[in-house]
Every structure is written in structure tokens, then in C-alpha cells.
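Q:
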Amino acid sequence: MSETLIEQTMISKLPNIGVNIFSTMSALAQQHKAVNLAQGFPDFSPSAELIQLVHEYMLKGFNQYAPLAGVRSLVEGLAEKTEKLYGAVYNPDTEITITCGATEACYTALTSILHAGDEVIIPEPSFDVYLPAIELSKAKPVFVPLTFPDFSYDWELIRSKITTRTKLIIINSPHNPTGSILTENDVVQLQKIVEEYPNVYVLSDEVYEHIVFDGKKHLSISSNPVLKERAFVIGSFGKTYHVTGWRLGYCLAPAKMMTEFKKVHQYNTFSPVAPMQFAIADFMKKPEQYESLPVFFQNKRDLFLSHIRESRWEVVPASGTYFQMLSYKNISDENDLEFAARITREFGLASIPVSVFYNDKTDHKLLRFCIAKKEETLLKAAEILCRI
Ligand SMILES: Cc1ncc(COP(=O)(O)O)c(C=O)c1O
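Residue numbers (my numbering): 254 to 641.
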């Protein structure tokens with residue numbers, strides 16, 4: 254087939270999507286041997302005990318397909334944990350699926366519920382994982398900015414965007430990239446919306462559920478009985494157990510929604526990696542691990558911030574997640590893409606420019622830094638920030 258024929262016939266279904274910023278900034282970081290606080294992954298090891306468990310399950314022969322919903326002990330463990338933490342009862346037989354990361358859970362949830370012409374409300378800034386699945390479903394994203402500078406939900410504005418075609422509202426708390434979290438009032442407002450509009454569902458991305466600071470509490474959408482009946486609640490074992498590369502997450506949803514979810518999941522991946530699922534099921538029985546995460550990550554954030562106190566960077570308060578946003582408005586007028594690239598090249602520190610999380614590339618002069626890093630990495634980064 255000639256090149257031109259391929260060009261004529263291979264019509265992109267995602268024409269606006271190229272290599273994402275996380276890969277771009279990580280590549281730039283590598284090229285310039287920069288400290289990489291760009292992509293959201295830990296640079297420290299997961300628990301040796303967890304790795305040992307995987308090894309044992311592999312040696313014991315647990316190397317074949319897991320069931321479609323996931324390994325039974327993990328599904329049941331997750332049901333127990335969700336009831337204990339959020340008072341939400343999910344039936345392990347019909348309402349839980351283990352997925353290939355929260356990424357697959359988001360893709361599967363979106364493609365299973367959306368039809369052509371449906372509208373999806375996406376509060377922005379927003380993580381990039383939702384939009385492609387919306388576009389592939391021929392649905393329409395409706396972007397609604399979070400308030401600036403505190404990045405909270407503007408419910409009046411959200412309400413003003415609801416039409417007869419609105420199918421889904423995306424909620425992400427704790428929020429990437431801003432670190433803001435849902436309040437009790439947010440949950441009340443969202444509940445009122447789904448009560449008023451029976452066609453509206455919720456996708457609640459809660460991958461940072463255990464990373465909440467300053468004694469605050471994560472409010473899971475599952476803990477609200479009205480919202481629970483209309484929501485896909487999505488989590489990530491990768492974030493909770495410092496194993497983002499294992500690609501394990503999950504989705505909780507009422508049986509009717511989960512039936513459709515499983516139809517897509519079945520032909521997307523069938524089921525994710527089996528021995529890791531067995532290992533996490535055992536490891537999850539020790540709640541100390543996830544209970545220690547708020548302090549563990551808050552210490553990292555506090556260390557990082559205490560070492561840039563004298564710098565020209567302005568801190569945007571964050572209540573959770575792997576991320577800390579910093580404003581450079583006292584340092585430069587450059588746009589955030591240029592500035593992030595320049596400090597990677599010239600100072601050896603990689604971050605993510607926050608404008609990439611907006612469809613219209615709103616530039617608040619903010620960069621996002623990942624604090625899920627070793628102490629030495631954070632200190633190196635802080636030292637560079639003080640020089641900028
Ligand atoms: C808000 C949010 N949702 C989903 C994901 C994807 O999680 P996973 O690595 O489990 O696919 C991430 C990863 O960075 C994230 O930040």
C-alpha cells in the first residue's frame with residue numbers, strides 16, 4: 254500500500270492526541286539528567302514483603318488467567334475494606350471488578366456508559382485519562398473550570414452546564430493536579446444534582462484516597478447512599494502500594510452498571526496480572542500500610558515545602574495527592590510550557606506545566622511537582638528551586 258493511500262485511509266479517531274506531556278517531560282528530564290518531579294510515580298521501593306508474596310504466588314503456580322472480576326480474595330478483601338472505611342456495601346459477585354490500573358477502569362467505565370451525543374461534564378484542570386474515552390465514544394466533553402485560586406467545584410456553574418444530554422459528571426478527589434479535596438457541601442450539591450436529574454451518573458476517581466493531609470478526611474462518593482447508586486468509584490492499587498508499574502486498579506459500581514462495565518472489560522483485557530492480585534489481597538489484610546500513608550506523604554510534602562520557604566516560588570495549598578503546585582508568577586512571565594521546559598534544560602528540574610490539564614490551555618503560571626519521591630530527591634529539587 255502506498256504511503257498516500259495509508260494517509261487517506263488511516264483516519265485518526267483521536268486526531269488531537271499526541272504523545273502526552275508526562276512522556277515528553279520525562280524524556281526531557283532524561284536528556285538533561287534532570288531531577289524528575291514530573292510524572293507521578295514513586296522513586297522508592299514498595300514493601301519487600303509484598304514483593305516476596307508475589308514471588309511466592311508465582312512459585313506456587315498462580316500464573317494463569319485470573320477470573321474476569323479479579324482474584325476472589327482481592328475482590329472480597331476490597332469489599333470488606335470499602336465497607337470498613339466508607340460504610341459502603343458492594344457485592345463481590347456483581348459490583349466489583351479489578352482492572353489494569355485505574356486508567357483501564359476509567360476507560361472501561363466511560364466507554365460502557367457513553368453513547369454518541371451524550372455530554373460529560375469535566376471539571377478542569379483535569380487529569381488526561383478521561384477525554385480520549387469520551388471522544389472514542391463520540392460523546393461530548395463539557396469543560397467547567399474549578400474556581401481559581403482555590404480549585405473548588407463551582408456548583409452553580411456546573412448546574413448551568415447540565416442539559417437533557419448530560420450523562421455523566423467526573424469527580425476526582427483528592428484531585429490531580431491541584432491537591433484539592435471534596436467537601437461535605439460538594440457531596441450534598443452533587444447528590445442534589447443526581448436526585449434532580451435521573452439520567453446523570455458520576456465517575457468518581459479516588460486513586461489518591463489514602464493520600465490526604467493535615468488530619469483531613471477523604472470523602473468517598475461510595476459513602477453517600479444516593480450517589481453510590483449512580484457512581485463508578487475508581488481506585489488504584491498502584492498508588493496505594495507504591496507499585497504504579499504493576500498496573501492494578503479497580504472499579505466499584507451498582508450491579509446494573511457493573512454488568513455493562515464487565516462487557517467492555519472482558520474484551521479489553523479480560524483480567525489483569527494474577528500473582529500480583531493474590532499478593533495484594535494478602536497484604537491488604539494489614540491496614541497499617543494504607544493507614545500510614547497520610548503521614549508518610551505529608552512528611553514528604555512538608556520536607557519539600559520547608560526547604561523552599563525562602564525561595565521566590567509561591568505555594569498553592571494542597572490537601573492531598575502525590576502533587577504540589579507552585580506558582581512562578583514572581584519569577585517569570587513566560588508561559589508555563591516554555592518555563593517548565595527551560596528549568597528542565599537550564600536548572601535540571603522537571604515538572605508538569607498545569608496548563609496541559611486545561612482544554613483551552615489556561616495558564617495560571619503554575620507547575621506541578623510530584624512529592625512521591627525519596628527525601629534526597631526532594632532535597633535536591635528544593636535546592637534547585639531556591640536557585641531559580
Ligand atoms: C487522577 C488519576 N486518575 C487515574 C490515574 C491512573 O492510575 P493508574 O496508574 O492506577 O492507572 C492517575 C495516575 O496518575 C491519576 O492521577
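All residues carry an ideal CB built from backbone N, CA and C; glycine is no exception.
Helix, strand or coil, according to DSSP, for Q292 in the structure here?
A: Three-state result, Q292: coil.
Q: So what does E563 bridge to, in DSSP terms?
A: Looking at the DSSP assignment, E563 forms no beta bridge with any residue, so it has no partner.
Q: Grouping DSSP H, G and I as helix and E and B as strand, with all else coil, what is N452?
A: Correct three-state label for N452: coil.
Q: From L480 to Q442, what does the alpha carbon distance come to, in whole angstroms?
A: Those two C-alpha atoms are separated by around 11 Å.
Q: Take K626 as the anchor and find which of D586, E599, F549 and T597 has the nearest alpha-carbon.
A: The residue with the shortest Cα to Cα distance from K626 is F549.
Q: Does the beta carbon of K626 fall short of 7 Å from some heavy atom of ligand 1?
A: Not under cutoff, so the answer is no.
Q: Have a look at the DSSP bridge pairing and note the partners of V568.
A: Its beta-bridge partners are L579.
Q: Can you find a CB in chain B that lies within less than 8 Å of the CB of F294?
A: Among the chains in the structure shown there is no chain B, since it carries only a single protein chain.
Q: In this structure, does DSSP put T352 in helix, strand or coil?
A: Correct three-state label for T352: strand.
Q: Distance check for I270 and Q261, CA to CA, integer angstroms please.
A: Cα to Cα, the separation comes out at about 19 Å.
Q: Taking all protein chains shown into account, decide if D371 is buried (16 or more other Cβ within 10 angstroms of its Cβ) or exposed.
A: With 16 or more other Cβ atoms within 10 Å, it is buried.
Q: Can you give me the Cβ contacts of G330 inside the same chain, cut-off strictly under 6 Å, excluding the 5 residues immediately before and after it?
A: These residues qualify, in order along the chain: A534 and M537.
Q: Report the option in P402, T417, T400 and E629 whose CA atom is closest to the CA atom of R554.
A: It is E629 whose Cα lies nearest to the Cα of R554.
Q: Near L505, what residues of its chain come up, given a Cβ to Cβ distance below 7 Å and the 5 sequence neighbours on each side ignored?
A: Within the same chain, L505 has close Cβ partners T335, Y343, E348, I349, S475 and V486.
Q: Would you kindly report the start and end of the unbroken beta strand (DSSP E) that includes R418?
A: Counting along the chain, R418 falls outside any beta strand (DSSP E), and DSSP gives it neither H nor E.
Q: Check the C-beta distance from P394 over to V607 and give it rounded, since I have them as a contact under 8 Å.
A: Between V607 and P394 the Cβ distance is about 18 Å, and since that is not below 8 Å, they are no contact.
Q: If you measure from the CB of G432, is any heavy atom of ligand 1 nearer than 7 Å?
A: Flag unset: Cβ of G432 not near ligand 1.
Q: Can you name the start and end residues of the alpha helix (DSSP H) that G330 belongs to?
A: Looking at the DSSP string, the run of the alpha helix (DSSP H) that includes G330 is R325 to Y339.
Q: Nearest by alpha-carbon distance to R412: which of H285, K445 and Y503 is it?
A: R412 has its Cα closest to that of K445, out of H285, K445 and Y503.
Q: Counting Cβ pairs closer than 8 Å, one from the stretch 282-295 and one from the stretch 596-603, do we hit at least three?
A: In short, these stretches touch, since the Cβ pair count reaches three.
Q: Determine the direct distance from the alpha carbon of T522 to that of L389, and round the result to whole angstroms.
A: So the alpha carbons of these two residues sit roughly 17 Å apart.
Q: Is it the case that the CB of K614 approaches a heavy atom of ligand 1 more closely than 7 Å?
A: No, ligand 1 has no heavy atom inside 7 Å of this Cβ.
Q: Just to confirm my understanding: we take V496, look at its own chain, exclude 5 residues before and 5 after, and list those with CB closer than 6 Å. What are they?
A: Closer than 6 Å at the Cβ level, and outside the excluded window around V496, lie P299.
Q: Locate the beta strand (DSSP E) running through E377, then write down its first and last residues.
A: First-last of the beta strand (DSSP E) with E377: E372 to E377.
Q: Quick one: does the C-beta of N429 sit closer than 7 Å to a heavy atom of ligand 1?
A: Yes, since a heavy atom of ligand 1 falls inside the 7 Å radius drawn around the Cβ of N429.
Q: CB of G225 to nearest heavy atom of ligand 1: below 7 Å?
A: Outside the displayed span of the chain (254 to 641) sits residue 225, for which this structure offers no information.
Q: Would you report the Cα separation of Y575 and T436, rounded to the nearest angstrom?
A: The alpha-carbon atoms of Y575 and T436 are separated by roughly 19 Å.
Q: Grouping DSSP H, G and I as helix and E and B as strand, with all else coil, what is D458?
A: Three-state DSSP puts D458 in a strand.
Q: By a C-beta neighbour count over all protein chains shown, 10 Å radius and 16 as the cutoff for buried, is N552 buried or exposed?
A: With fewer than 16 Cβ atoms within 10 Å of its Cβ, N552 is classed as exposed.
Q: List the endpoints of the continuous beta strand (DSSP E) containing R621.
A: Note, R621: beta strand (DSSP E), L619 to C623.
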